[in-house]
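Its first residue numbered 764, the sequence shown is counted upward by one per residue in the numbering used here.
Ideal placement from N, C-alpha and C gives every residue a C-beta, glycine not left out.
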Amino acid sequence: MNQLDKRVVFLLKFFAIFSVLHYLLLVVNLRPMQEFIAKSQAMLLNLTYDGTLVRIGSETFEITPSCTGLVSSIILAAIVFSLKKPGLKSKTATLAIGVIFLLAANYVRVYFVLLSAIAFGGRAAEAVHIITWFLTAALVIVVWYYGTKRIAKVKEFNDFL
Numbered sequence: 764m765n766q767l768d769k770r771v772v773f774l775l776k777f778f779a780i781f782s783v784l785h786y787l788l789l790v791v792n793l794r795p796m797q798e799f800i801a802k803s804q805a806m807l808l809n810l811t812y813d814g815t816l817v818r819i820g821s822e823t824f825e826i827t828p829s830c831t832g833l834v835s836s837i838i839l840a841a842i843v844f845s846l847k848k849p850g851l852k853s854k855t856a857t858l859a860i861g862v863i864f865l866l867a868a869n870y871v872r873v874y875f876v877l878l879s880a881i882a883f884g885g886r887a888a889e890a891v892h893i894i895t896w897f898l899t900a901a902l903v904i905v906v907w908y909y910g911t912k913r914i915a916k917v918k919e920f921n922d923f924l
């Protein structure tokens, strides 16, 4: 199989895995997780909350399923399991460690979004929200790529295919 075919197979696997997992994210009840994030963040920042809503002055922020860190985890799972290398055991370990890291990092990210809303208002919080999401996604890809290269002992991305 040539490199173009391998890339097409990778993309098809990636989008299939991502689509199934993202669909599950939409249909599974994540409300308890969302409420935990809202409640604990509100308590840390001395804010009021109601279910998945956190109030900062006259503004309300909703902790949605996308605020849980699971979307980033789904992206990681789709990348890891779409590739030929490393083996299943290493892929599973990579995903488990990655999910733990992503849930923790996302929790901190939500904290800083809310903190920026307190300090600078809702518009600043929205900017911090977007910037930190992209930074988190980039960090995940960089750490995954270089970490997995070492584990799988490959030199180039094409070697994963």
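Counting only unbroken stretches of 4 or more residues, the alpha helix (DSSP H) elements lying wholly within the stretch 788-830 are 794-808, in sequence order. In the structure shown, N869 falls within a helical segment according to DSSP collapsed to helix, strand and coil. The distance from the Cβ of P828 to that of L788 is about 6 Å, consistent with a contact at the 8 Å cut-off. Pairing T855 with K912, the inter-Cα distance amounts to about 15 Å.
Taking G885 as the centre and dropping the five residues before and after it, the same chain places the C-beta of E822 closer than 7 Å to its C-beta, in chain order. Non-local beta-carbon contacts of L808 in its own chain, meaning distances under 7 Å to residues more than five positions away in sequence, involve L877, L878, I881 in chain order.
Per DSSP, L846 lies in no alpha helix (DSSP H) segment and is marked neither H nor E. About 7 Å separates the beta carbon of L924 from that of R770, a gap short enough to meet the 8 Å contact definition. As the crow flies, the alpha-carbon of Q797 is around 16 Å from that of V862. Separation of the CB atoms of T899 and S835 is rounded to 6 Å, and the pair is thereby assigned contact status at 8 Å.
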